[in-house]
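For what it's worth, numbering that gives the first Met the number 0 labels the leading residue of the sequence shown as 0, then goes sequentially. Structure first, then comments.
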Amino acid sequence: MSRQASRLVERFLALYDELARHLQRRTGSRERAEDVMQDTYIRLLDADARNEDARIQDGRAFIYRVASNLAIDAVRREQRTQGHGEPEASLPDPGPGPQQHAVGNEQLRRLDHALRQLPPNSRLALLMFRVDGLSHAQIARRLGVSESMVAKYIGQALRHCRSQLQKE
Numbered sequence: 000m001s002r003q004a005s006r007l008v009e010r011f012l013a014l015y016d017e018l019a020r021h022l023q024r025r026t027g028s029r030e031r032a033e034d035v036m037q038d039t040y041i042r043l044l045d046a047d048a049r050n051e052d053a054r055i056q057d058g059r060a061f062i063y064r065v066a067s068n069l070a071i072d073a074v075r076r077e078q079r080t081q082g083h084g085e086p087e088a089s090l091p092d093p094g095p096g097p098q099q100h101a102v103g104n105e106q107l108r109r110l111d112h113a114l115r116q117l118p119p120n121s122r123l124a125l126l127m128f129r130v131d132g133l134s135h136a137q138i139a140r141r142l143g144v145s146e147s148m149v150a151k152y153i154g155q156a157l158r159h160c161r162s163q164l165q166k167e
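Given below as C-alpha cells:
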C-alpha cells in the first residue's frame, strides 16, 4: 500500500464516526450510510490501485467528496426504484455476473487466509471494527489497550490483507 493510500485509509478510519453521522443525516438512513461507508473505503483502495493518490491534495476533502457523491447515488438509486418495485427496464443489472462471483469467492478465500495469518489482537481489532461496528474506544476497552494501539492494529491488519490479496 502506498504511503498516500495509507494516509487516506488512516484518515478515513480517523474520520469514521464523524463521516458516518454526516452520511446518515445526508441519506436519512443508518443502513444506507453504512453501505456508503463501505463503498467509500473500496473507492479509496481503488484510488490507490489506479495511482490517483498522487493528485490528492487534501485527503479529508477527497474522502468527504467521494462519500457524498456515493450517498447522492444511493439516494437517487433508491428513489428510482420506489413505487416501481423494480428498477427501470432500460437500466443494466448492476449485480455481478458469474465470473465476478467466482472472482469474489476466490478473493474471500484469500482474505480468510490473510486474516488467519494476522496476530490475534490485529485480527480481533479489525473484525470488531469492520464486522461488529465497534468504535476504537470500545475495542480498546475489550482488548485492554489504548485507542492509538487499536488504530495501529487495524492499520496493520488492513495493510497485511491488502498486500496478501495483491500477491496472488
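Glycine included, C-beta positions come from ideal geometry on N, C-alpha and C.
Express the C-alpha separation of residue j and residue i in angstroms, rounding to a whole number.
i, j, result
"Arg-140", "Thr-80", "42 angstroms"
"Asp-111", "Ser-162", "13 angstroms"
"Ile-41", "Cys-160", "13 angstroms"
"Arg-158", "Leu-43", "13 angstroms"
"Gln-37", "Ser-147", "22 angstroms"
"Glu-17", "Pro-97", "37 angstroms"
"Ala-46", "Gly-58", "12 angstroms"
"Leu-126", "Ile-138", "10 angstroms"
Using beta-carbon positions only, say whether residue i and residue j come within less than 7 angstroms of one another.
i, j, result
"Ala-66", "Thr-26", "no"
"Leu-22", "Ala-70", "yes"
"Ala-113", "Ile-153", "no"
"Ala-73", "Val-35", "yes"
"Phe-11", "Ile-62", "yes"
Which whole runs of the alpha helix (DSSP H) in the region 14-63 are 4 residues long or more, in chain order? 29-48
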